[in-house]
Every structure is written in C-alpha cells, then in structure tokens.
Amino acid sequence: MKKITFGTPEKIVPSNYCKGLDYKETDIKYDVNNFKFKETTRGCLLEFPLEFGEEVFGFGLQLKGFNHKNHKLQLRVNSDPVANTGDSHAPVPFFVTNKGYGMYFDTARYIEVCCGYGKNKSREPVENNTIIATAEDLYKKCGLKETTTMSVEIPVAKGIDVYIFEGKNILDIVSQYNIFSGGGCDVPEWGLGVLYRAYARNTGSQVMELAKYFRENDIPVDIIGLEPGWQSSTYSCSYVWDKERYPNHDEVIKYLKDNGFHINLWEHAFISAASPIYKQMHDYSGDYEVWQGLIPDFGTEEARDIFAKHHKETLVDKGIDGFKLDECDNSDFVHDWSFPNCTEFPSGMDGEQYHQLFGTLYMQTMLKALENTPTLSEVRSAGALCASYPFVLYSDLYDHKDFIRGVVNSGFSGILWTPELRDAKNKKDLMRRLQTTVFSVQCLINAWYCPQVPWKEFDCEDEVKELLKIRKSLVPMLKKAFDEYKTTGKPPVRALVADYTDDKETYFIDDEYIFCDDLIVAPLTAEMDERRVYLPEGEWVDYWTKEKVNSGWFTVNTQKIPVFEKR
Ligand code: GAL
Numbered sequence: 001m002k003k004i005t006f007g008t009p010e011k012i013v014p015s016n017y018c019k020g021l022d023y024k025e026t027d028i029k030y031d032v033n034n035f036k037f038k039e040t041t042r043g044c045l046l047e048f049p050l051e052f053g054e055e056v057f058g059f060g061l062q063l064k065g066f067n068h069k070n071h072k073l074q075l076r077v078n079s080d081p082v083a084n085t086g087d088s089h090a091p092v093p094f095f096v097t098n099k100g101y102g103m104y105f106d107t108a109r110y111i112e113v114c115c116g117y118g119k120n121k122s123r124e125p126v127e128n129n130t131i132i133a134t135a136e137d138l139y140k141k142c143g144l145k146e147t148t149t150m151s152v153e154i155p156v157a158k159g160i161d162v163y164i165f166e167g168k169n170i171l172d173i174v175s176q177y178n179i180f181s182g183g184g185c186d187v188p189e190w191g192l193g194v195l196y197r198a199y200a201r202n203t204g205s206q207v208m209e210l211a212k213y214f215r216e217n218d219i220p221v222d223i224i225g226l227e228p229g230w231q232s233s234t235y236s237c238s239y240v241w242d243k244e245r246y247p248n249h250d251e252v253i254k255y256l257k258d259n260g261f262h263i264n265l266w267e268h269a270f271i272s273a274a275s276p277i278y279k280q281m282h283d284y285s286g287d288y289e290v291w292q293g294l295i296p297d298f299g300t301e302e303a304r305d306i307f308a309k310h311h312k313e314t315l316v317d318k319g320i321d322g323f324k325l326d327e328c329d330n331s332d333f334v335h336d337w338s339f340p341n342c343t344e345f346p347s348g349m350d351g352e353q354y355h356q357l358f359g360t361l362y363m364q365t366m367l368k369a370l371e372n373t374p375t376l377s378e379v380r381s382a383g384a385l386c387a388s389y390p391f392v393l394y395s396d397l398y399d400h401k402d403f404i405r406g407v408v409n410s411g412f413s414g415i416l417w418t419p420e421l422r423d424a425k426n427k428k429d430l431m432r433r434l435q436t437t438v439f440s441v442q443c444l445i446n447a448w449y450c451p452q453v454p455w456k457e458f459d460c461e462d463e464v465k466e467l468l469k470i471r472k473s474l475v476p477m478l479k480k481a482f483d484e485y486k487t488t489g490k491p492p493v494r495a496l497v498a499d500y501t502d503d504k505e506t507y508f509i510d511d512e513y514i515f516c517d518d519l520i521v522a523p524l525t526a527e528m529d530e531r532r533v534y535l536p537e538g539e540w541v542d543y544w545t546k547e548k549v550n551s552g553w554f555t556v557n558t559q560k561i562p563v564f565e566k567r
C-alpha cells in the first residue's frame, strides 16, 4: 500500500480518528503519473484513467447499485436513498477494480465520483448515425468502449491523501484495506446467534413473558433487544429506564441473564433535556438541535467521556452487553430530519464532516462505555475505516432485493450489514426474508412495531424454529470466519467477484454471495420460486442434498434457500 498526498489535505479526516490505523508502505506498480490533480473553485479534483473493461466496486453500503462503472455517485450519509445516487447509511470512499488495485480517499466530505466518463479528446470526424428506437439500446450504443476518466471531486478541501492497495484479486485488496483500518472486528460467539428485538411498547413484564415463550418453545434466541420503550424519553433520548414500563428493570435484566439471554438496548445520540447528562454535554455539542435534543460532539474527548461514563455506570455495569445506535445518519428524501451541513461543532467539524463521521465516532464512544464487554451491536451509519468495530448496519428500508444487494456489497468496504426480518406480506415473504437473514452476519428479527412475534399471524412456528436452528448450526463456521477477518482482513461475506475476479460472469452478480469461504448463497424473494444461479469454476455440491452440481449458470426451483458448498 502507498499513500500519495495531493495539495494540502484537511485536518479533519477519517484516518485521524482511526485508532488502529496500520499503514505499512510498500512499493506499488500503479503509475502515479496517471493522476491529474488541481484545486478548483469548488474544492479540489483528482482524475485518473479507467481502462475499457475495468469494473468498479465498493463505495460502502450501496443498496441500489453494484458495479459502478459508468455511474456517478455522491457519497453522502443518508438513511433513505431512493435511487442509485451514492447516498447510503454507510458511504465509504474506497473502491476496488478488477485490474489489481483499490483506492481509499481519506476525506470526510461528500465526494462526487464519476466512474468512467469521457473527457474532451479533440476527435477526428467519424459518422455514427444508426437510429435506435429503445432507450436501453440507445445508451448501450452511446456507452464508451475506450479508456475513460474517473473523477473524484472533493468539496471544500484543498488537497487529499490517497491510499493505493494492490493485490492478486479483489479479496486480497479489500483484506489489505481492512487490515489498514485496524483489522476485522472481534465478535463473541453469542453475537452471531439469533437477535430478536421486542415490540417497542412492551413492558418489562411482557419482555419476560416473551423470553419465557422462547425458552419453553425451544426457539433459539440468544439476544433480546429492547426498543425505545425502555427509556423515559426517546426522541430525543434520556438514557434512563422508564419508570412506568420498566419499574422492575433490575429484575428484567436478571431474568433474561438467568435464562441465558444477552441484552441489547436501542438508543440514538440526540440528548433530551430530561437526561441527567444534558447539562454536562451542553458545551460539547453542536449549535443545532435534533428533536429538541443536543447533538453531542463525539469529536471531543469530553463528550465521549461523559456519554460513555453514564452508559457504563448505569447500563453496562448492570448487565447490558450491546446497543443499537439509531438515527446517526439523516433523512434527506423521505422525512427530512437531522442537522444542516452548516452546523458548527466544538471540535471544529462542520455539519458535513460530522454527518460523515457521526456513526464512526458514536461506535467508538460506545466501545468505551462497553470497555472489555464483548459485543456484536448495531449501528445505522458507518463510513471509512470501520472494519474493526463490532457493529452491524441495518435500515428502515425493506426491499428484499436491495437487502440482498447490501449483503453482497458490504464485503467490499469493511462493513457488516443485516438483511433483517420485520413483518411480512404473507408466509412466503416471511420465510424468504428469514432465510436471507439466517445466512448473513447477524440473524436479526426486528419486531419493533410488531405486538406479537411475526410468525404468529402465519401459523408457521415450526418452520421458523427449524430455520433458526439452521442458523445456530452455522455459528461455529461464522465465528471461524470472523476470527480470520480479525487477523487477515478477509470479510466473512462477500461478492463472487471478490474471489473470482478474473471471471467476467461475476461482474454483475449482485444477488449471490460467498458466505464463510466455502458456501455460495443465492437467496430467493417472495416473488420468486426459481432463479438463475452461477457457480464459478470448481467442485460444488448442493448444501442440503450433498449432490454434485456443475459450475456455470443453471436454474433452481426450491422452497429452501439455494446454498452450494465448495468441495
Ligand atoms: C428506527 C429504527 C428501527 C426502530 C425504530 C424505533 O429508526 O430504524 O429499527 O428501532 O427506529 O423507533
């Protein structure tokens, strides 16, 4: 890997906040004369060539796009992307190509990347007047079959550090980026079990009832998550137990622990005036509010210390071993909430930088609160250099196909993503969604708005139980994959193109993924009974029947989730 500095980079950049950063300079083959850099009235601009046939992947949790060649993305934190624009819960300024390298841009700005556009070349006259009558063919015809330009525009900044990673395939390159970020995260085995998030309006007694139901009916839930109802104030938050719903919170914690559950608490970071830390946090917060609460500046040690101390003393020390860090993204398209880009923070960050770093700094603060308590928690926003944080991303969006694409894409960028199950249109929808979450890094049933367990309505408890038991059987394999992630940076779940980078067939496969090295998973949604599956060169068997399967493209038709095992 090699760092190359252009102009004068900003002081507030992700690498300054990454404690485990592991930079070891090596020689690279990439020709740095490829780069063109200049300051502009809009900030600064970096340009470099993309070959014809060069494909571009990564840029974080992109739910709406996969192969970014020829696309324009603005990498901006957002909770409700509506199209393939680059907006994301976790935009990551790192990409890889099939040509042996990847680049990380160390910036907390909303960069715009155009992955292969044409620059003025003073051309010779060549006529090209084939008339086409469909939009699809039209733009195919206009597609550039030549070397194009990738532009990376960084607003405000007068310079940028770029890190170049090289490797034999995409997996190798991504692994190096993850090691550079501090290595993959350390997760406890129980964190990989089943996480059930209870109805937000439940009382402590109802949560104990729910736990009893799981145990008495042999439904293998490992973690119970409490949603907003545990707190006395939520939008914004108090971080204090609600006296009416949870007068017995110590008893609830003891009951859950005695019955072998781990406990995860929902919250977000906007601090209500009803919170005991409100006054202390006042001077370490931004100059705007969200939901009439303070926006803590986790870029300051003071804010981190106060916030972490309160959580440690009142929650972690009492038995809580996980948190769900909600709302640290922001909504630009659907609900319009959060703080403006002009917000000023005591650490010197502006609103744009804080949006891009908020999730990361929030995770760091909560790891401080958790101290040595192992966890696999949740967060709704992450960004650059996040591989070492044991937090899984999730969303309020719910398109099953987009959720599968999220699983596939997460492995390019050092982030973890769960395609959670909530409610379902029908039994088939429920089973298909559950199948996908069973074969993902975190098996999450997020019933926060479901007064009863989501399978009750469809009378399919036995089938759900069977699937959750399959999940339990996958845990040792997943744990091994996570242990490797930590030391080698190899992501536990990834796109086919990561391992099979020379295989052109994989360049557009955004609905199949490699799970723990030896499995390929090809989920189905409720709308499908059959689908096309691709298996790269190699020896494969059907995971369920152990029958041999040939590599290449074929059709599967099954009620189960199609899974194939490498021999
Ligand atoms: C949302 C979150 C949901 C749920 C809900 C509770 O922001 O994405 O999963 O926790 O808040 O209010």
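Note that my numbering has the sequence shown beginning at 1, numbered continuously upward.
Glycine included, every Cβ here is placed at the ideal spot set by N, Cα and C.
Beta-carbon proximity check, V194 vs G43, cutoff 8 Å: Taking a C-beta distance under 8 Å as the contact criterion, V194 and G43 do not qualify as a contact pair.
CA nearest to the CA of K486, picked from S388, W540, D499: Out of S388, W540, D499, the CA that lies nearest to the CA of K486 is found in S388.
Any non-hydrogen atom of the ligand GAL closer than 7 Å to P454 Cβ: Set against 7 Å, the gap from the CB of P454 to the closest heavy atom of the ligand GAL is not smaller.
Local conformation of S175 per DSSP, three classes: Helix, per DSSP.
Sequence-distant residues of the same chain with beta carbon closer than 8 Å to P188, five excluded per side: Correct list, in chain order: P374, T375, L376.
Inter-residue spacing [alpha-carbon to alpha-carbon] between D570 and F323: Since the first and last residues shown for the chain are 1 and 567, residue 570 lies out of range.
Cβ pair L144, I415 closer than 8 Å: Contact flag unset, no.
Inter-residue CB distance, G182 and G20 (contact presumed, cutoff 8 Å): Under the criterion of beta carbons closer than 8 Å, G182 and G20 qualify as touching, at roughly 2 Å.
For E112, three-class secondary structure by DSSP: Looking at E112 - three-state DSSP - the assignment turns out to be strand.
Segment contact, 8 Å Cβ cut-off, at least three pairs: the segment 402–419 with the segment 288–302: In this structure the segment 402–419 does not lie against the segment 288–302, because fewer than three pairs of beta carbons, one per stretch, are closer than 8 Å.
Supposed contact pair F564 and L535 - C-beta distance, whole angstroms, cut 8 Å: Contact between L535 and F564 holds: CB atoms are separated by about 6 Å, below the 8 Å threshold.
Backbone CA spacing between F66 and K212 [nearest angstrom]: Each residue's alpha carbon lies about 43 Å from the other.
Cβ separation of V392 and V441, assumed to be a contact under 8 Å, to the nearest whole Å: With a contact defined as Cβ atoms closer than 8 Å, V392 and V441 qualify at about 6 Å.
CA-to-CA distance, E227 to A198, given in whole angstroms: Computed Cα separation, rounded: 7 Å.
R215 CB to nearest heavy atom of the ligand GAL below 7 Å: False, no ligand heavy atom lies under 7 Å from that Cβ.
Cβ contact check for the segment 421–435 and the segment 173–180: 3 or more pairs under 8 Å: Short answer: they don't touch.
D172, buried or exposed, once every other Cβ within 10 Å from all chains shown has been counted against 16: Looking at its Cβ environment, which holds 16 or more other Cβ atoms inside 10 Å, D172 is buried.
Whole-Å CB distance - G286 paired with E344, under 8 Å assumed: Going by Cβ atoms, the distance from G286 to E344 rounds to 7 Å, so yes, they are a contact pair.
Close beta carbons around C443, own chain, < 6 Å, minus the five adjacent residues each side: V194, T437, R471, listed in sequence order.
Outcome for G184 when other beta-carbon atoms lying within 10 angstroms are tallied against a minimum of 16: With at least 16 other beta carbons inside 10 angstroms of its own, G184 counts as buried.
Any non-hydrogen atom of the ligand GAL closer than 7 Å to D87 Cβ: Not under cutoff, so the answer is no.
Heavy atom of the ligand GAL within 7 Å of N446 beta-carbon: Because some heavy atom of the ligand GAL lies under 7 Å away, the Cβ of N446 counts as near it: yes.
heavy atom of the ligand GAL below 7 Å from E227 C-beta: Yes - the ligand GAL has a heavy atom lying nearer than 7 Å to the Cβ of E227.
Heavy atom of the ligand GAL within 7 Å of R380 beta-carbon: Flag set: Cβ of R380 near the ligand GAL.
With 16 other Cβ atoms within 10 Å as the buried cut-off, status of V113: With at least 16 other beta carbons inside 10 angstroms of its own, V113 counts as buried.
Closer than 8 Å to chain C by CB, N259: Any reference to chain C falls outside this structure, which holds one protein chain only.
C-alpha gap between H89 and D80, whole angstroms: The straight-line gap from Cα to Cα measures roughly 8 Å.
Buried versus exposed call for R494 [16 or more other C-beta atoms within 10 Å across all chains shown]: Buried is the call here.
Exposure label - V379; buried when at least 16 CB within 10 Å: Around the beta carbon of V379, 16 or more other beta carbons sit within 10 angstroms, so the residue counts as buried.
For S275: DSSP bridge partner residues: Its beta-bridge partners do not exist; DSSP assigns none.
Candidates E51, E457, F412, T300, of which the one nearest N169 by Cα: Of E51, E457, F412, T300, the residue nearest in Cα terms is F412.
contact_flag[the segment 119–127, the segment 93–111] where n(CB pairs < 8 Å) is 3 or more: Between the segment 119–127 and the segment 93–111 there are fewer than three inter-stretch CB-CB distances shorter than 8 Å, so the stretches are not counted as touching.
Coil, strand or helix - E311 by DSSP: Note on identity: in this sequence residue 311 is His, with Glu being the wrong assignment. DSSP places H311 in helix when its eight states are reduced to three.
Coarse secondary structure for D510, derived from DSSP in three states: Coil.
6 Å Cβ shell around G319 - same chain, five flanking residues per side excluded: I253, K257.
Which listed residue (S275, T8, I164, E39) has its alpha carbon closest to that of E153: If we check each option's Cα against that of E153, E39 comes out closest.
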